[in-house]
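Reviewing the structure listed below.
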Amino acid sequence: MSKKLIVLFLGLIPLLCTCFSPDTPSDRRVLVLLDDFAIKSSHSIFFNNLKSRGFDLDFKLAHDPTISLQRYGQYLYDALILFSPSIERFGGSIDAAAILDFVDSGHDLIVAASSNASDLIREIATECGVDFDEDSSAMVIDHSGYAVSATEGDHTLIASDDFIKSDVILGKEKIKAPVLFQGIGHSLNPSNSLVLKVLSASPSAYSANPSSKLTSPPSLTGTSISLVSVVQARNNARILISGSLSMFSNRFFQSDVQKAGSPTKHDKSGNEQFLTELSKWVFHERGHLKAVNVKHHKIGEVEEPALYRINDDLEYSVELYEWSGKDWEPYVANDVQVQFYMMSPYVLKTLSTDSKGYYFTSFKVPDVYGVFQFKVEYERLGYTSLSLSKQIPVRPFRHNEYERFIPAAYPYYGAAFSMMAGFFIFTAVHLYHK
Amino acid sequence: MAASDAHKGDVSMRNAFGSVLAFLILLLIGVLAFSIRLFSVIKYESVIHEFDPYFNYRVTQFLTKNGIYDFWNWFDDRTWYPLGRVIGGTVYPGLTLTAGTLYWLLHSLNIPLSVETVCVFTAPIFSAFASWATYLLTKEVKGVGAGLTAAALLAMVPSYISRSVAGSYDNEAVAIFALIFTFYLYLKVCSWGGYTFIINLIPMHVLLCIVTGRYSSRLYIAYAPLVVLGTLLAALVPVVGFNAVMTSEHFASFLVFIIIHVVALVYYIKGILSPKMAVCCAMVAVLIALVASSPTKGWSGRSLSLLDPTYASKYIPIIASVSEHQPPTWPSYFMDINVLAFLIPAGIIACFSPLSDASSFVVLYIVLSVYFSGVMVRLMLVLAPAACILSGIALSQAFDVFTRSIKFQLPSLSDHSHIDAGDASSENVVLDDTIKTDKSEDTPKERTTKRSKKKEKEPVEKPPSKSQLKKRLSVLPFEASIVAVFLLVLLVAFYVVHCVWAAAEAYSAPSIVLTSHSNDGLHVASWWDYGYQTTAMANRTVIVDNNTWNNTHIATVGTAMSSPEKAAWEIFHSLDVKYVLVVFGGLVGYPSDDINKFLWMVRIGGGVFPHIKEPDYLRDGQYRIDSMATPTMLNCLMYKLSYYRFVETDGKAFDRVRRTEIGKKYFKLTHFEEVFTTHHWMVRIYKLKPPKNRIRGKSKKSKSKTSSTTTSKRKGTRRNPF
Chain L
1 MSKKLIVLFL
11 GLIPLLCTCF
21 SPDTPSDRRV
31 LVLLDDFAIK
41 SSHSIFFNNL
51 KSRGFDLDFK
61 LAHDPTISLQ
71 RYGQYLYDAL
81 ILFSPSIERF
91 GGSIDAAAIL
101 DFVDSGHDLI
111 VAASSNASDL
121 IREIATECGV
131 DFDEDSSAMV
141 IDHSGYAVSA
151 TEGDHTLIAS
161 DDFIKSDVIL
171 GKEKIKAPVL
181 FQGIGHSLNP
191 SNSLVLKVLS
201 ASPSAYSANP
211 SSKLTSPPSL
221 TGTSISLVSV
231 VQARNNARIL
241 ISGSLSMFSN
251 RFFQSDVQKA
261 GSPTKHDKSG
271 NEQFLTELSK
281 WVFHERGHLK
291 AVNVKHHKIG
301 EVEEPALYRI
311 NDDLEYSVEL
321 YEWSGKDWEP
331 YVANDVQVQF
341 YMMSPYVLKT
351 LSTDSKGYYF
361 TSFKVPDVYG
371 VFQFKVEYER
381 LGYTSLSLSK
391 QIPVRPFRHN
401 EYERFIPAAY
411 PYYGAAFSMM
421 AGFFIFTAVH
431 LYHK
Chain R
1 MAASDAHKGD
11 VSMRNAFGSV
21 LAFLILLLIG
31 VLAFSIRLFS
41 VIKYESVIHE
51 FDPYFNYRVT
61 QFLTKNGIYD
71 FWNWFDDRTW
81 YPLGRVIGGT
91 VYPGLTLTAG
101 TLYWLLHSLN
111 IPLSVETVCV
121 FTAPIFSAFA
131 SWATYLLTKE
141 VKGVGAGLTA
151 AALLAMVPSY
161 ISRSVAGSYD
171 NEAVAIFALI
181 FTFYLYLKVC
191 SWGGYTFIIN
201 LIPMHVLLCI
211 VTGRYSSRLY
221 IAYAPLVVLG
231 TLLAALVPVV
241 GFNAVMTSEH
251 FASFLVFIII
261 HVVALVYYIK
271 GILSPKMAVC
281 CAMVAVLIAL
291 VASSPTKGWS
301 GRSLSLLDPT
311 YASKYIPIIA
321 SVSEHQPPTW
331 PSYFMDINVL
341 AFLIPAGIIA
351 CFSPLSDASS
361 FVVLYIVLSV
371 YFSGVMVRLM
381 LVLAPAACIL
391 SGIALSQAFD
401 VFTRSIKFQL
411 PSLSDHSHID
421 AGDASSENVV
431 LDDTIKTDKS
441 EDTPKERTTK
451 RSKKKEKEPV
461 EKPPSKSQLK
471 KRLSVLPFEA
481 SIVAVFLLVL
491 LVAFYVVHCV
501 WAAAEAYSAP
511 SIVLTSHSND
521 GLHVASWWDY
531 GYQTTAMANR
541 TVIVDNNTWN
551 NTHIATVGTA
561 MSSPEKAAWE
571 IFHSLDVKYV
581 LVVFGGLVGY
591 PSDDINKFLW
601 MVRIGGGVFP
611 HIKEPDYLRD
621 GQYRIDSMAT
631 PTMLNCLMYK
641 LSYYRFVETD
651 GKAFDRVRRT
661 EIGKKYFKLT
671 HFEEVFTTHH
681 WMVRIYKLKP
691 PKNRIRGKSK
701 KSKSKTSSTT
711 TSKRKGTRRN
721 PF
């Protein structure tokens, strides 16, 4: 069975080496690195939420010399939460490279920065494709989208409701209230297809040092500022990067919120809902697909052939499931396509589905021989990317599979045989006429 | 021995003795031809040699395992990924069928030899057959003596040995036999590679016969069925198919076929009416006009490059890129046919006195093959039998003249009846002396004694038939004859020494270097020269191989090799390549490595993808890899893969093939990683790195000292195209 799975997951080989097993992709053991243990209590709602979902949190100080991510080459944790924005140097064997290797081997990461984020945290973010504002004292300021509070502040506490429109990442339920944010902004490279802006600033926001006067135009302005971003790496490891640690805090979770200029006042900020849903996504409780039972065979047959002949009719089927956090549920979509591919797709067909996770189609092998592949490249926003490929040679006709007599050639057959007959008669006449 | 016998009985006795002797000599020649090719088996082991033989071996394996019908329909998905190749329809089946038949024959006799053994020894066996065929052919031209000499010469001519040592299991091994035997049958009254030569040579000979007024009904009977049956049979071979009537190579034979009918008609009419040569000429003119506007598909590239040596380099770089298709250098003539080169003119002269149908054919054969061998090194092989035949004729004629001179001087010493015996024995003495003074080696001695027997036999057979004629033929002074015979034997001895040396040293080193290191089920890209080996030995799927049927595909690989790293990575990635293999000779001085072939990759790639331009890789028209090389050259993938870490070997990065220090010594590979390099750096295998897992942001590096070392290391190893 496991061998079959390996075959099925041809395109997901990197995934197989990762921590989330194909059977239960959710993370279980989470290491939380803190600047100090006060955060453990000041952010307890977020942590308790995780614990209640079955995660095993291991709190450590970031400069604790005993911390390590792996022992004897095995990773001890499935995910890492960095709530230590000011750390300059981790304790133990952990450094930026170790954390990135942790991600590259398929583990998840949550990074929260703040206005005094250290170079180390910035570097980790940069490696993941997130560029924090270079100015270390800058914060995101929004004079029209700030959260109304009792004391007139410097408008660094922002209430933002500019979410990414994805049910997969943020859940089916709409986020009810704006999210409070106080921290630094970052920008993303638009050409980077792996990183997504989940919460972006309003058009009137900018990033600058709130305590000093602006002398030059701010480098980051408007909606290009991202407040919270997620990254899904090619090996489907997921990363959440936020410019604000305080948005995870109990204070922000419980505070009421009223966006400046908006009449409605919400009793409770959207932070809890937003971050809970987001953490579900990051920890693979949502949007994780798997493909099993890739099958193909000639129409009317059951056995999978070693190779096809040109112009064969074949059926292709695959089963797709999505992980719900507890078990695999059928994945339903109408845009899954299969390619019959040799350097370029010769056949591109949308798969029909029975809404129980079973996808199927049938088509005729093109009139070209070569080594083809069945390819399913399924990449949708928020979902893990599915890349299945299965190689199958297509051979030309055998010598005896052609038509024996071609109707169009009957004149030529006639010509040849009449010639032979005529020659025979001529010879006979010529030889015996006298 | 025959002194007291009646003259007639004497002659018949001698004839019988002579034919037994000839048979034994032929047998020995066969053994010699077989055994001289076994040096590589003795020195190394019984293995198949590189390149094409490996493919042929693989095909034969398939044939013996799956039978002829599966072979015919074999679609191979391990080569030419992802196009695949229909082996059954694109391979000349002669060789594999021959070896397959041999294998079945042996197994039906309960001799359980492996396919590999059969393949290894196919070439030596057929070279024995080839020398016997040479005997038959030359015998038709100039008699038994010349035939035996020519057979012995062919058995060990270096250029043929080079293609037929044990283990070089290639078409040529069988083709030469087929070629000579076809000629023999033609002169008296099937397709392996190189049949184009045959089907053009024979029509030309027919034409020559017609032009020189030697037309006869025998010529017609020999030629007309050959064309009809030959064409039909050739059309049955899948790879030839309709080409047998469509391409211009075959047009000569059809043209001559028509001409011979016209001539036959003219002769027929002549028999009835007064000669009307004008009519004939007019018809020929019409025919030539027809050829000029021939509706055929035109000449295939390889054959065009025969007619116009510069054709290939101008239009089809893929053909020109093969070292075998280059014009040979002058030393290679001496290397390949040695003293035969000097004997050929004498042989031609001998053929003209008197000129017969057969000898005119041989003259035509040598003239054509000399021209063709001047165009392509590969066709040196076709020259070799012709050279052997003519040299055999020349040698035997020379010996004939000299021994006869000696014989005519000798009667003064003994009485008439002792002539022959005395002549033979004295000659033997002379020869044995020369042998002892010349050589102490085994093989040459055996060889020369054999030839001495031959010479002894030759006068035995000839004198009775032409005794009158011979008497007034040039009689040279006794001393001069002795010296001349001595010199001739010396010459032949040199030839033998050279041949043995060539067989032992030059051609018997199987340079098998490839080791299968890559993991299973992955696609390997290399220049096409190494494709056959990679599939047959390492059992890997390759992108292109030595069967160059798809120029675009090869051009794609050539383009990738001559592109910068990133572009190359993208090309290879699109072809699902996992490993790239390069052959590098700079450390050990192996001259035919990929850097030396690189310009061909550029040309072939540029022929299809115009953004690759040859001048970009040349500095002032010169191909160089030192510090004067162009940036394009120094940044292309081939340069990088060949010279990656090369500076670590000697600190200077001195390339022993190009005899210079390389231009760019310290560089890193970003999209490829080295996985394997052989001990002598001959073969280097690289792996394509997977696309980067994450995409880095664009911020400048933080200047923090804490992480500077780790980040720089990571940049080196992890920067990837995406």
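Listed in order, the protein sequences are those of chains L and R.
Under UniProt numbering, the letters of the first sequence match residues 1 to 434, in that order.
Under UniProt numbering, the letters of the second sequence match residues 1 to 722, in that order.
Note that beta-carbon positions come from the ideal geometry of N, C-alpha and C, so glycine has one too.
Keep in mind the model is a prediction, meaning the values are calculated, not measured.
Residues of chain R with CB closer than 9 Å to the CB of residue i, please, in chain order.
i: M343 (chain L); result: P82, L83, S574 and L575
i: Y369 (chain L); result: F75, L83, G84 and V86
i: D78 (chain L); result: The premise fails here: D78 (chain L) is roughly 17 Å from chain R at the closest Cβ pair, so nothing lies under 9 Å.
Report yes or no: is there a C-beta of chain A within less than 9 Å of the C-beta of residue i?
i: K578 (chain R); result: Within the model displayed, chain A is absent; protein chains L and R are what it includes.
Just confirm the distance between the C-beta atoms of residue i and residue j, as a whole number of angstroms; I'd bet it's less than 8 Å.
i: V544 (chain R); j: I554 (chain R); result: 5 Å
i: A98 (chain L); j: L120 (chain L); result: Actually they do not touch by this definition, with Cβ atoms about 12 Å apart.
i: W328 (chain L); j: K356 (chain L); result: Not quite, the Cβ-Cβ distance comes to about 12 Å (not below 8 Å), so this is no contact.
i: S269 (chain L); j: F253 (chain L); result: 7 Å
i: W569 (chain R); j: H671 (chain R); result: 4 Å
By Cβ distance, which residues of its chain are closer than 7 Å to residue i, with the 5 residues on each side in sequence left out?
i: I125 (chain R); result: F34
i: N73 (chain R); result: G88
i: C190 (chain R); result: With a pLDDT of 39 at C190 (chain R), under the threshold of 50, the modelled position of that residue is not reliable, and the figure given next carries that caveat. Here the set comprises A178 and T182.
i: E673 (chain R); result: Y686, K687 and K689
For residue i, go through chain R and note every residue whose CB falls closer than 8 Å to its CB, in chain order.
i: E233 (chain L); result: Residue identity check: residue 233 (chain L) is Ala in the sequence provided, not Glu. Going along chain R in sequence order, the residues near A233 (chain L) (Cβ under 8 Å) are N693 and R694.
i: residue 435 (chain L); result: Residue 435 (chain L) falls outside the range modelled here, since chain L spans only 1 to 434, and no answer is possible.
i: V130 (chain L); result: G697
i: P65 (chain L); result: What P65 (chain L) touches in chain R: nothing, since even the nearest Cβ is about 16 Å away.
What residues of chain R sit near residue i, judged by a beta carbon separation below 7 Å?
i: R398 (chain L); result: N73
i: N189 (chain L); result: G697 and K698
i: P393 (chain L); result: F75, D77 and G84
Leaving out five residues on either side along the sequence, give the residues of the same chain with a beta carbon under 6 Å from the beta carbon of residue i.
i: H143 (chain L); result: H155
i: H523 (chain R); result: Y81, T541, D576, V577 and K578
i: F129 (chain R); result: F177
i: R447 (chain R); result: Reliability fails at R447 (chain R), whose pLDDT of 42 lies under 50, so the model's placement of it is uncertain and no value is given.
i: P203 (chain R); result: A252, S253 and V256
i: A560 (chain R); result: A568, I571 and F572
i: S216 (chain L); result: none
i: H43 (chain L); result: F248 and S249
i: L100 (chain L); result: E127
i: Q339 (chain L); result: P345, L348 and K375
i: S359 (chain R); result: V141 and C351
Under 8 Å Cβ to Cβ from residue i, same chain only, skipping five residues before and after it: list those, please.
i: L76 (chain L); result: R29, L31, S68, L69 and Q70
i: D131 (chain L); result: A125, H186, S187, L188 and N189
i: R472 (chain R); result: At R472 (chain R) the pLDDT is 49, less than 50, meaning the model places this residue with poor confidence; the figure from the coordinates comes in the next sentence. Result list for R472 (chain R): empty, nothing under 8 Å.
i: N66 (chain R); result: W74
i: D36 (chain L); result: L61
Inset, instruction - Jot down the residue ranges of each uninterrupted alpha helix (DSSP H) in the stretch 35 to 81 of chain L, minimum 4 residues, whole runs only, in chain order. - result: If we require 4 residues or more, the alpha helix (DSSP H) runs fully inside the stretch 35 to 81 of chain L come out as 38 to 42 and 44 to 52.
Inset, instruction - Would you list, in sequence order, the uninterrupted alpha helix (DSSP H) runs of no fewer than 4 residues that lie entirely inside the stretch 186 to 261 of chain L? - result: You should have 250 to 254.
Inset, instruction - Counting only runs of 4+ residues fully inside the stretch 603 to 651 of chain R, write out the alpha helix (DSSP H) ranges in chain order. - result: Counting whole runs of 4 or more residues, the stretch 603 to 651 of chain R contains the alpha helix (DSSP H) stretches 631 to 635, 637 to 643 and 647 to 650.
Inset, instruction - Decide yes or no for the touch test of the stretch 104 to 111 of chain L against the stretch 150 to 167 of chain L: beta carbon pairs closer than 8 Å, at least 3 of them. - result: As far as the Cβ criterion goes, the stretch 104 to 111 of chain L does not touch the stretch 150 to 167 of chain L, which means the pair count is below three.
Legend entry - Meets three-Cβ-pair contact criterion under 8 Å: the stretch 610 to 624 of chain R and the stretch 676 to 693 of chain R: Touching, no.
Inset, instruction - List in chain order: all unbroken alpha helix (DSSP H) runs of 4+ residues lying wholly within the UniProt domain "OST48 middle" (296 to 434) of chain L. - result: Fully enclosed alpha helix (DSSP H) runs of 4 or longer: 410 to 432.
Legend entry - Segment contact, 8 Å Cβ cut-off, at least three pairs: the stretch 130 to 150 of chain R with the stretch 381 to 398 of chain R: Yes: the two stretches touch, three or more of their Cβ pairs being nearer than 8 Å.
Inset, instruction - Indicate whether the contact test is met: 3 or more Cβ pairs, each with one atom in the stretch 367 to 375 of chain L and one in the stretch 58 to 67 of chain R, closer than 8 Å. - result: When Cβ pairs closer than 8 Å are counted between the two stretches, the stretch 367 to 375 of chain L is seen not to touch the stretch 58 to 67 of chain R, the count staying below three.
Legend entry - Ranges of the beta strand (DSSP E) found wholly within the stretch 116 to 162 of chain L, counting only runs of at least 3: Taking 3 residues as the minimum length, the beta strand (DSSP E) runs contained wholly in the stretch 116 to 162 of chain L are 130 to 132, 139 to 142 and 158 to 160, in order along the chain.
Inset, instruction - Please confirm if the stretch 104 to 118 of chain R is in contact with the stretch 25 to 32 of chain R, defined as three or more CB-CB distances below 8 Å between the two stretches. - result: No, the stretch 104 to 118 of chain R does not touch the stretch 25 to 32 of chain R.
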